[in-house]
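Chains as they are written, first to last, in the working numbering: chain A, 1 to 362; chain B, 363 to 724; chain C, 725 to 1086; chain D, 1087 to 1448; chain E, 1449 to 1810.
Notes for the one structure printed next.
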Amino acid sequence: MHVKKRNTRKYAPVGARPGTLVLDTNKEITDLELIRFSSDHFEQKNISLAELDKLNEELHLPQKKVNEIFWLNVSGLGNEQVLRKIQEIFRIHELTLADIVNVPQRPKIEEQEDYVLIISQMLWLKDPSTISNEQVSILFGKNFVITFQEDPGDVFDPVRDRLKKSKGTIRKSGSDYLAYALIDSIIDNYFPILESIGEILEDLESALISNPDKDTLKRIYNLKRQLLNIRRTIWPHREVFSAILRDEFQSIKKSTRVYIRDVYDHTIEIIDVIENYREIAAGFMDVYLSSVSNKLNDVMKVLTIISTIFMPLSFIAGVYGMNFENMPELKTTYGYPVLLTIMTLIGLGMILWFKKKGWFKI
Amino acid sequence: MHVKKRNTRKYAPVGARPGTLVLDTNKEITDLELIRFSSDHFEQKNISLAELDKLNEELHLPQKKVNEIFWLNVSGLGNEQVLRKIQEIFRIHELTLADIVNVPQRPKIEEQEDYVLIISQMLWLKDPSTISNEQVSILFGKNFVITFQEDPGDVFDPVRDRLKKSKGTIRKSGSDYLAYALIDSIIDNYFPILESIGEILEDLESALISNPDKDTLKRIYNLKRQLLNIRRTIWPHREVFSAILRDEFQSIKKSTRVYIRDVYDHTIEIIDVIENYREIAAGFMDVYLSSVSNKLNDVMKVLTIISTIFMPLSFIAGVYGMNFENMPELKTTYGYPVLLTIMTLIGLGMILWFKKKGWFKI
Amino acid sequence: MHVKKRNTRKYAPVGARPGTLVLDTNKEITDLELIRFSSDHFEQKNISLAELDKLNEELHLPQKKVNEIFWLNVSGLGNEQVLRKIQEIFRIHELTLADIVNVPQRPKIEEQEDYVLIISQMLWLKDPSTISNEQVSILFGKNFVITFQEDPGDVFDPVRDRLKKSKGTIRKSGSDYLAYALIDSIIDNYFPILESIGEILEDLESALISNPDKDTLKRIYNLKRQLLNIRRTIWPHREVFSAILRDEFQSIKKSTRVYIRDVYDHTIEIIDVIENYREIAAGFMDVYLSSVSNKLNDVMKVLTIISTIFMPLSFIAGVYGMNFENMPELKTTYGYPVLLTIMTLIGLGMILWFKKKGWFKI
Amino acid sequence: MHVKKRNTRKYAPVGARPGTLVLDTNKEITDLELIRFSSDHFEQKNISLAELDKLNEELHLPQKKVNEIFWLNVSGLGNEQVLRKIQEIFRIHELTLADIVNVPQRPKIEEQEDYVLIISQMLWLKDPSTISNEQVSILFGKNFVITFQEDPGDVFDPVRDRLKKSKGTIRKSGSDYLAYALIDSIIDNYFPILESIGEILEDLESALISNPDKDTLKRIYNLKRQLLNIRRTIWPHREVFSAILRDEFQSIKKSTRVYIRDVYDHTIEIIDVIENYREIAAGFMDVYLSSVSNKLNDVMKVLTIISTIFMPLSFIAGVYGMNFENMPELKTTYGYPVLLTIMTLIGLGMILWFKKKGWFKI
Amino acid sequence: MHVKKRNTRKYAPVGARPGTLVLDTNKEITDLELIRFSSDHFEQKNISLAELDKLNEELHLPQKKVNEIFWLNVSGLGNEQVLRKIQEIFRIHELTLADIVNVPQRPKIEEQEDYVLIISQMLWLKDPSTISNEQVSILFGKNFVITFQEDPGDVFDPVRDRLKKSKGTIRKSGSDYLAYALIDSIIDNYFPILESIGEILEDLESALISNPDKDTLKRIYNLKRQLLNIRRTIWPHREVFSAILRDEFQSIKKSTRVYIRDVYDHTIEIIDVIENYREIAAGFMDVYLSSVSNKLNDVMKVLTIISTIFMPLSFIAGVYGMNFENMPELKTTYGYPVLLTIMTLIGLGMILWFKKKGWFKI
């Protein structure tokens, strides 16, 4: 499993005035999806820049139906014209827009006069071995929610579905509940990732015990790095939710806060699991190092056994290979078989000695 | 000793509406055990779904005896019909029910309008070498306590016994005291586990000192992992109890809080012991690594001693095995015995030198 | 130095009602020592259970001299009858008595209506190499102090002496001051232990530098484990004293609190020293591992030097030991001495090369 | 990449009275650059000491235009006369001046009666492989900002540019906004450094996996040291900004604080990245050590394979090189080829055995 | 550089009444130096015990000049008579005197009715390679400052000088400012120590990279231990100063607190540097261990190369040293030179193989 490398952060030119946007010009196309719903109707369509203008008018009509909620989903952050238009319609602060566009930002929550901004990182398994990583910015006010994503494709389909089929209370509750539902989807998608990492951990564990090799080291290393990444992504979410639970964000109703408490608990659980995995992975490293040392020990034992048996024997053979004229043993009839017997005994003695030392578990 | 692997967490489909239940369909049977008692009577029976309905009526009768307390113990979480019925009778929030059913959850405490929910993890030694791990959710209101367990079989028999025989103040005190008695049973069951881990630690310690081998490494590793698991289970309990001691949960009487303080102290003690064990286990790893290195040293010393003694001797034998025609030593009468003597002296000299270097402690 | 192993914690049967006493039946004898004093008189005697009853009456006489203070010292916790009697006389809560009897408990402080309970751990050097470890529970009210010890023999003799000889203000001050004097004695007894560990550290340090061996490893390990134990004992004391300094325990007079501040400072100092020792001991482990590696290096250098010198030489000797008929060198008159010279030069060359590489520091 | 070594801190003579200046006499030249602007005019010039006097008068004229803001940029801290003049004009406390001159100081913020002092550390990439490190002290009051730098050359050109071209709101806002813009420039310059360290990390990672050698160790070490330095520089900035967000510094308007929040977020992000890099670098060290051990294993395997194959073979050859008169094998016609075959089989057997043991992955 | 070993703490007999003094009887001589000054006069002399009595009278004269300040500097703590006299004159609490006399104590600050006590540890470089360590207790009241030192000789000469020459505001400010000036001197003296440790670090770093040996290990170890000591000394100072900045010590004027803030900043800086040094030293240990492993690798490579080249060659020579009667190669004319050529080729082949494996960087 590997994390799809995202484009590294594009920084504004150093010293540029605050709020400068750094657009990724390769990604000009910006899809706009508008969902409008109230307890009794639901409408979903893709809109153009021109229709955005119309939306503007409608939003500021005095007789606007207060219980209708707009969800504008912006996919792709490359089109400045669209972004500026949205900024204008919803009166978005220049720093807020910069936080949305200049990805990746650290997850955070900020309340402005007319809206609350939640920046989150969406991690999900695109296919079983690739983790996709994308910033999602959720901005919501009295009767609208705007979500900004880096690329098309997201984890919000179940929410769209619930809106359409009016499951649960989602259509009757306000914009803050919708924002909750979206962030809940994002956090829920961490669990399948944890599950697949859990499987990797188990694979690694049995590999460690059966036959650790260099590849195992690389896999442990990759795992640790991945855990580091996920941890860095999930931790700030905790601060976001605990801020909601602690502070009185005016735009978040008390009834919604009960649900936020639930997401908070999930976040804590994810952090818990991650920290647990990290400790396990750190333990893997220790076990790996010990195994390598043990293997070295085994190798050295083989070498030592071989050397200890054959060096003395070779020496004896060498002695009787000397060319002294006067070596009486050489002339005896049974000298040779006697010596062979002695050598065999020496060899066997060595082997028994090693057996006693416990070196023959190999 | 090993922890019985529990089924891994079953996640709700990602993006499902909050409160979605994930039922383990293999476990449909849900046992319902009802105990009702007041200071002067006690009744215990297994009830059916139909009887649950009757209970409903009785609970909401205006003339209901206020000092009678119900304890409903639900074993098995696989029957949605039963769960929904209970939810309805006791007005349980959808998120609360999800926390109860979608096991395992992190231990926590939550107060709702009509009840307090305590989620706990029950760890106990089923037999001397197996730790059983199960979520117990305790939900109690003014005059009822409901406990939800994953499987039949629990650690509550002593409490049932005390209720029956009216030991102590348990029958005179309210539902919060019963909840305390139950959670106290759960926490108390951690101690025998600590004890058995303590014995494993001592075994390991003497194995480390006498003869560490690869199996020792595996056992240290298993121990560390087990400690990690228990620690992860017990820590959140601490937060639960300290929240009770700190906050004013309306449903927990001040007289009960004195007892909660006692459970809190036990929890702190368990955490203390666990952290202590973890440090000891970490020390084991260091000692193990050092021992492996020491062993390698010993192996290498044997090899070096053998090589250093026999290599020069073999060389000398090799010299006199050369076939030069003009080697005057070969022709002398005493050349051979003199050379043998010299070789013996060289060998002894080497041995003495190693003795002086302290390599012969082996 | 080793810590005398205490009996491991005896747990109440799991699920037993709170306050169940777990008595060590091997230790039934419970000594009762009563000291009563006021500013102008002092009386010390051992009393029986019957006399305890008389004490009861006396305590509740209306005309009881308010400025007389009782100190009841209970040695041995095996006699339930005595304990229950004391509980009755001094109106001790069932949980308090359980904390006193079911040793060892984590040090803590608790205020009840009529008394304050301080649980402490008494560590002292029984002889230069044995640390004795015992729980002391100090319970004091308006005009009485009760101390409970596991075994006869304690560190309170200097306090008894000061009471008798009326040194300092101890006889004029209240029961809280006496409690302070007792706990002060306990904490002061940690210092000689620190001192003797300091000496062990210095011994180990010089052993590490001069000649580390397997025994050194074992001693480092033992030291670390001992420090872990002492640390675990002293840390909770800190919380006890800081709670006194912070909270307003009604039974502790402000004038006494100045002295508690002093004990608190001592505790901090002990913790400081322990943490320092722990870091030093951790450093020992690193140095030990490095030394083992260095030693291995030295062993291997010897082996390599020997092999590198004699392998080529043996090869050359082997070449001239071959039986080819046509080997002209063998027939020359000076072939043999010339070859010996060449061999010597090769050997010396190797030695010089190793010298240059710095391998001959050995 | 390396950090340009700065002159180590020059300490005032120990015990000197507080506020003693320690001037770097090698750097006497002090450039004074004055920028004055209001919403409708902009003026930039280098001024002399004499002109500084004139500025003094002007500043204290009663009819001074309140909405004109002065920015005095002092480059070089070697000229005491100039520094004292500035101290006098702007009523700078002696300790403040000492903090400005006796570089380097830890970043901090301090409010005095007439001004706020922010001490910051400017880190920027002078060229791709050199990090320049310089203290910048920003002192601002009602209508003035003074910046003190150690050397000419800074990261403020974009700010000068924005002032000149009146981009953004910078000319309409007060002195506190200008101070923000300057500190924002400093913090923004940490990002390119992080980027270049990120590249070094990736280089190192692939070097670690492909072919770690001693140079890799040195590079890891250098990297860790560099991260340590940057971390030590950036952490106190966090405290500075969080103090602004938390406290009510009178001189910083609420509208400016929104922007400070932005710089604060950047600082947190930098710290996050640094801590992440530090963990990765620590992981590198583990992997490196494992790799070295693995390499040793490989070397030893080669040695063991060679020894195990040739030692027995050499021994056999040695046996038949013995000079016993009665060795019947020597006289058989096929003794030699048979023995050669046996030797080959032994050799092949050994190789197969090693293959089975998995030692031939090399 | 080494720290002069101080006498280890002399403990009061265990259980002695609080405030018991433990006098170092080897050091009976106690020097008394009295400086008295006001804004317009200055007087400095050594006084005797008798003159101390006179001072007593003078202090309590009703018409005492309020703006005159006494600084009594006590060097040596061995003379109980003098100490008791001072205790009496300045009404020093028994515990305060014990803290002053029973050195070393942890740095702390305490306010009593009539005075403030600051306990500090004075570390200074007596000569370039010896750090002297001494407890200095500063006790100051409305118009007096008393300093207690263990030995004659201190770091206060610059303060005496400033008093004499009336530099700065020192003579016009109160006793709290003088106390500040003294503690400032003590803290300032940590910087030269840091500097010299910085140099040691740099020496060690280059030693590590060029040629690490056993001495390097010892030096790293010593360095770590020294840093541990300094850290343990400086940390509590931080608490002292932050207590002054936080609390309202009545005896410390607000104008003085600005200066304390400066000392506080210095203390933070010292701690920062120490922690940085500790991390660097920890990194040294890693690098050292890696270097030792690398060296082992190098040694083993030499051994393996030699063995791999000469073992097969020796085997071949052994084969042709066998005495079979029927070995046709032996009888050929060119058998010998052909074999020599084959051997050379084998040897060269081995060398090339090792070159390819990269083992010849040695």
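Backbone N, C-alpha and C fix where the C-beta goes; we use that ideal spot for every residue, glycine too.
Phenylalanine 377 (chain A), DSSP secondary structure in three states: Summary: the structure shown does not reach residue 377 (chain A), with chain A confined to residues 1 through 362, and so no result is reported for it.
Would you verify that the beta carbon of asparagine 1018 (chain C) is, or is not, closer than 8 Å to some beta carbon of chain B? The residue given as residue 1018 (chain C) occupies position 294 in the third sequence. Contact of asparagine 1018 (chain C) with chain B is not assigned, every C-beta pair being separated by 8 Å or more.
Taking only beta-carbon atoms, is lysine 367 (chain B) less than 8 Å away from chain A? As a first step, residue 367 (chain B) must be located in the second sequence, where it is residue number 5. Low local confidence applies: a pLDDT of 48 at lysine 367 (chain B) is under 50, so the model's placement there is unreliable, and no value is given.
Between the stretch 296 to 316 of chain A and chain B, which residues of the former have CB atoms less than 8 Å from a CB of the latter, in chain order? Here the close residues are Leu296, Asn297, Met300, Lys301, Leu303, Thr304, Ser307, Thr308, Met311, Pro312, Ser314 and Phe315.
Measure the CB-CB distance between leucine 1225 (chain D) and tyrosine 1201 (chain D) and report whether it falls below 8 Å. In the fourth sequence, residue 1225 (chain D) corresponds to position 139, counting from 1. In the fourth sequence, residue 1201 (chain D) corresponds to position 115, counting from 1. Leucine 1225 (chain D) is a Cβ neighbour of tyrosine 1201 (chain D), given a cutoff of 8 Å.
For aspartate 1262 (chain D) and isoleucine 454 (chain B), I'd like the C-alpha separation in whole angstroms. If you number the fourth sequence from 1, residue 1262 (chain D) lands on position 176. If you number the second sequence from 1, residue 454 (chain B) lands on position 92. The alpha-carbon atoms of aspartate 1262 (chain D) and isoleucine 454 (chain B) are separated by roughly 54 Å.
Would you list the one or two residues that DSSP bridges to lysine 1304 (chain D)? Indexing the fourth sequence from 1 puts residue 1304 (chain D) at position 218. In the DSSP output, where bridge partners are listed per residue, lysine 1304 (chain D) has none listed.
List, in chain order, every chain E residue whose beta-carbon is nearer than 7 Å to that of alanine 1102 (chain D). Looking up residue 1102 (chain D) in the fourth sequence gives position 16. Taking a Cβ-Cβ threshold of 7 Å, the residues of chain E close to alanine 1102 (chain D) are Pro1606, in chain order.
Looking at isoleucine 187 (chain A): is its Cβ nearer than 8 Å to the Cβ of arginine 468 (chain B)? In the first sequence, counting from the first residue as 1, residue 187 (chain A) sits at position 187. In the second sequence, counting from the first residue as 1, residue 468 (chain B) sits at position 106. Going by beta carbons, isoleucine 187 (chain A) and arginine 468 (chain B) fall outside the 8 Å limit.
Alpha carbon of leucine 1382 (chain D) to alpha carbon of isoleucine 944 (chain C), nearest angstrom: Translated into the one-based positions of the fourth sequence, residue 1382 (chain D) becomes position 296. Translated into the one-based positions of the third sequence, residue 944 (chain C) becomes position 220. Near 28 Å, if we compare the C-alpha coordinates of isoleucine 944 (chain C) and leucine 1382 (chain D).
What is the DSSP secondary structure of leucine 133 (chain A), reduced to helix, strand or coil? Position 133 of the first sequence, counted from the start, is the residue given in the question as residue 133 (chain A). According to the sequence displayed, residue 133 (chain A) carries asparagine and not leucine. Three-state result, asparagine 133 (chain A): strand.
Whole angstroms are fine: how far does the CA of isoleucine 1799 (chain E) sit from the CA of glutamate 199 (chain A)? As a position in the first sequence, residue 199 (chain A) is number 199, starting the count at 1. As a position in the fifth sequence, residue 1799 (chain E) is number 351, starting the count at 1. Distance between the alpha carbons of glutamate 199 (chain A) and isoleucine 1799 (chain E): 46 Å.
For histidine 628 (chain B), which residues from the same chain have a beta carbon less than 6 Å from its beta carbon, with the 5 sequence-adjacent residues on both sides left out? One-based indexing of the second sequence puts residue 628 (chain B) at position 266. Within the same chain, histidine 628 (chain B) has close Cβ partners Ile549.
Can you confirm whether glycine 141 (chain A), when its beta carbon is compared against all beta carbons of chain D, has any partner nearer than 8 Å? By 1-based counting over the first sequence, the position of residue 141 (chain A) is 141. By this cut-off, glycine 141 (chain A) is not an interface position.
Between isoleucine 69 (chain A) and the rest of its own chain, which residues show a CB-CB distance below 8 Å, the 5 nearest in sequence each way excluded? As a working note, residue 69 (chain A) is residue 69 in the first sequence. Short of 8 Å from the beta carbon of isoleucine 69 (chain A), and not among the five residues preceding or following it, lie these beta carbons of its own chain, in chain order: Arg36, Phe37, Ser38, Asn143, Phe144, Val145, Gly174, Ser175 and Leu178.
Got a sec: which bits of the stretch 1155 to 1178 of chain D sit with their beta carbon under 9 Å from any beta carbon on chain A, in order along the chain? So the list is empty, because no residue satisfies the distance condition.
Cβ-based burial, asparagine 731 (chain C) [other Cβ within 10 Å; buried from 16]: One-based indexing of the third sequence puts residue 731 (chain C) at position 7. Caution applies to asparagine 731 (chain C), whose pLDDT of 44 falls short of 50 and renders its modelled position unreliable; the value that the coordinates give is listed next. Counting the other Cβ atoms within 10 Å of the Cβ of asparagine 731 (chain C) gives fewer than 16, which makes it exposed.
Have a look at glutamate 972 (chain C) and leucine 819 (chain C) and give me their C-alpha separation to the nearest angstrom. Here residue 972 (chain C) refers to the residue found at position 248 when the third sequence is read from its first residue. Here residue 819 (chain C) refers to the residue found at position 95 when the third sequence is read from its first residue. So the alpha carbons of these two residues sit roughly 22 Å apart.
Nearest to threonine 940 (chain C) (by Cα), restricted to the options B:Asp577, B:Asn584 and B:Ile571: As a working note, residue 940 (chain C) is residue 216 in the third sequence. Across the set B:Asp577, B:Asn584 and B:Ile571, the C-alpha of B:Ile571 shows the shortest separation from the C-alpha of threonine 940 (chain C).
Check each candidate in C:Glu757, C:Lys809 and C:Lys778 and name the one with the smallest Cα separation from proline 876 (chain C). Position 152 of the third sequence, counted from the start, is the residue given in the question as residue 876 (chain C). Considering only alpha carbons, the answer is C:Glu757.
is_contact[leucine 1145 (chain D), chain A] using C-beta, thresh 8 Å: On the fourth sequence, position 59 is the one that residue 1145 (chain D) refers to. Not flagged as an interface residue toward chain A: leucine 1145 (chain D), since no C-beta distance is shorter than 8 Å.
is_contact[asparagine 685 (chain B), chain A] using C-beta, thresh 8 Å: The residue labelled residue 685 (chain B) in the question sits at position 323 within the second sequence. It does; some Cβ of chain A falls within 8 Å.
Flag this pair as touching only if the stretch 1732 to 1749 of chain E and the stretch 1782 to 1798 of chain E have three or more C-beta atom pairs under 8 Å; answer yes or no. The stretch 1732 to 1749 of chain E is not in contact with the stretch 1782 to 1798 of chain E.
DSSP three-state call for arginine 106 (chain A): helix, strand or coil? Mapped onto the first sequence, residue 106 (chain A) falls at position 106. DSSP places arginine 106 (chain A) in coil when its eight states are reduced to three.
Buried or exposed (CB count within 10 angstroms, at least 16 for buried), histidine 237 (chain A): Counted from its first residue, the first sequence places residue 237 (chain A) at position 237. The C-beta of histidine 237 (chain A) has 16 or more other C-beta atoms within 10 Å across all chains shown, which makes the residue buried.
Please confirm whether threonine 1070 (chain D) and glutamine 1207 (chain D) have their CB atoms less than 8 Å apart. This structure cannot speak to residue 1070 (chain D), because chain D is shown only from 1087 to 1448.
May I ask you to list the residues that DSSP assigns as paired with arginine 1122 (chain D)? Locating residue 1122 (chain D) in the fourth sequence gives position 36, where the first residue counts as 1. Here arginine 1122 (chain D) is bridged, per DSSP, to D:Glu1129 and D:Phe1156.
Using a Cβ-Cβ distance cut-off of 8 Å, determine whether glutamate 1236 (chain D) contacts chain E. Walking along the fourth sequence from the start, residue 1236 (chain D) turns up at place 150. Any Cβ of chain E closer than 8 Å to the Cβ of glutamate 1236 (chain D) would place that residue at the interface, and such an atom is absent.
Cβ-based neighbour list, lysine 1091 (chain D), same chain, cut-off 7 Å, excluding 5 preceding and 5 following: Here residue 1091 (chain D) corresponds to residue number 5 of the fourth sequence, with the count starting at 1. In this predicted model, lysine 1091 (chain D) has a pLDDT of only 48, less than 50, meaning its place in the structure is not dependable; the value taken from the coordinates is given anyway. Cβ neighbours of lysine 1091 (chain D) beyond the five flanking positions: none.
Distance, Cα to Cα, threonine 804 (chain C) vs threonine 754 (chain C)? Position 80 of the third sequence, counted from the first residue, corresponds to residue 804 (chain C). Position 30 of the third sequence, counted from the first residue, corresponds to residue 754 (chain C). According to the sequence displayed, residue 804 (chain C) carries glutamate and not threonine. Straight-line measurement puts the Cα of threonine 754 (chain C) at about 9 Å from the Cα of glutamate 804 (chain C).
Taking C-alpha atoms, which residue in C:Ile813, C:Glu782 and C:Glu837 lies nearest to serine 617 (chain B)? Start at 1 with the first residue of the second sequence, and residue 617 (chain B) comes out as number 255. Of C:Ile813, C:Glu782 and C:Glu837, the residue nearest in Cα terms is C:Glu837.
Can you check whether the CB of threonine 1752 (chain E) is closer than 8 Å to the CB of valine 1241 (chain D)? Walking along the fourth sequence from the start, residue 1241 (chain D) turns up at place 155. Walking along the fifth sequence from the start, residue 1752 (chain E) turns up at place 304. Remark: C-beta atoms of valine 1241 (chain D) and threonine 1752 (chain E) do not approach each other more closely than 8 Å.
Out of B:Ile480, B:Asp461 and B:Asn551, state which residue places its alpha-carbon closest to the alpha-carbon of asparagine 495 (chain B). Reading the second sequence from its first residue, position 133 is the one you call residue 495 (chain B). Selected option, being the one with the closest Cα: B:Asn551.
CA-to-CA distance, valine 465 (chain B) to glutamate 512 (chain B), given in whole angstroms: Residue numbering aside, residue 512 (chain B) sits at position 150 when the second sequence is read from its first letter. Residue numbering aside, residue 465 (chain B) sits at position 103 when the second sequence is read from its first letter. Taking the CA atoms as reference points, glutamate 512 (chain B) sits about 8 Å from valine 465 (chain B).
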